[in-house]
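Chemist:
In the numbering used here, the protein residues as written are 13 to 136.
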């Protein structure tokens, strides 16, 4: 199906992501990249990541989806072949729009990207 993800699929992915993050089931695909972006966004990755992710996930809806249709698949070793879901939102915890990309596997939220939105570098 080339029109996926549907709104229903996105709604379910957001819900599953919220549940995984709330339960602390968070993994980072490439910590050095996420850490550099955390510095730019001015948050502490060790102490603030869970709260930041929850705020973003509470902000997004299927309408905020900015990924490809069908979704890109990850090439990163830990999550190779999994669908990647990308969203842009403007949560109250930041004074800018942010780009969030994640994958879900075995009830675990895999953070791939979290940085200031850079629309010129993103394919719609």
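Beta carbons are placed, not taken as given, at the ideal position from N, Cα and C, and that holds for glycine.
Would you report the Cα separation of residue 38 and residue 81, rounded to the nearest angstrom?
Modeler: Locating residue 38 in the chain shown gives position 26, counting from the first residue. Locating residue 81 in the chain shown gives position 69, counting from the first residue. Cα to Cα, the separation comes out at about 25 Å.
Chemist: Straight-line CA distance for residue 134 to residue 112?
Modeler: Here residue 134 refers to the residue found at position 122 of the chain shown. Here residue 112 refers to the residue found at position 100 of the chain shown. Bear in mind that the predicted position of residue 134 carries a pLDDT of just 47, short of 50, making it unreliable; the figure below should be weighed with that in mind. Roughly 12 Å between the two C-alpha positions.
Chemist: Quick check on residue 13: does DSSP put it in helix, strand or coil?
Modeler: Here residue 13 refers to the residue found at position 1 of the chain shown. Reliability fails at residue 13, whose pLDDT of 48 lies under 50, so the model's placement of it is uncertain and the value that follows must be treated cautiously. Coil, per DSSP.
Chemist: What separation, rounded to the nearest whole angstrom, lies between the Cα atoms of residue 70 and residue 25?
Modeler: Position 58 of the chain shown, counting from 1, holds the residue named residue 70. Position 13 of the chain shown, counting from 1, holds the residue named residue 25. Computed Cα separation, rounded: 12 Å.
Chemist: Excluding the five sequence neighbours on either side, which residues of its own chain have a C-beta within less than 8 Å of the C-beta of residue 120, listed in chain order?
Modeler: Within the chain shown, numbered from 1, the residue matching residue 120 stands at position 108. Only 32, 37, 38 and 39 meet the Cβ criterion.
Chemist: Could you check which residue in 127, 129, 118 and 128 has the C-alpha nearest to that of residue 29?
Modeler: Counting from one through the chain shown, the residue named residue 29 turns up at place 17. The candidate whose alpha carbon is nearest that of residue 29 is 118.
Chemist: Excluding five sequence neighbours on each side, which residues of the same chain lie with their C-beta closer than 7 Å to the C-beta of residue 62?
Modeler: Against the chain shown, residue 62 aligns to sequence position 50. Around residue 62: 33, 36 and 38.
Chemist: Measuring alpha carbon to alpha carbon, tell me which residue in 109, 88 and 108 is nearest residue 43.
Modeler: What you label residue 43 is simply residue 31 of the chain shown in a count that begins at 1. Ranking the options by Cα distance to residue 43, first place goes to 88.
Chemist: By how many angstroms is the C-alpha of residue 103 removed from the C-alpha of residue 77?
Modeler: Here residue 77 refers to the residue found at position 65 when the chain shown is read from its first residue. Here residue 103 refers to the residue found at position 91 when the chain shown is read from its first residue. Cα to Cα, the separation comes out at about 15 Å.
Chemist: Beta-carbon separation of residue 79 and residue 98 under 8 Å?
Modeler: Reading the chain shown from its first residue, position 67 is the one you call residue 79. Reading the chain shown from its first residue, position 86 is the one you call residue 98. In this structure, residue 98 lies closer than 8 Å to residue 79 by Cβ.
Chemist: Name the two residues that bound the continuous beta strand (DSSP E) containing residue 96.
Modeler: Position 84 of the chain shown, counted from the first residue, corresponds to residue 96. No beta strand (DSSP E) contains residue 96, which DSSP labels as neither H nor E.
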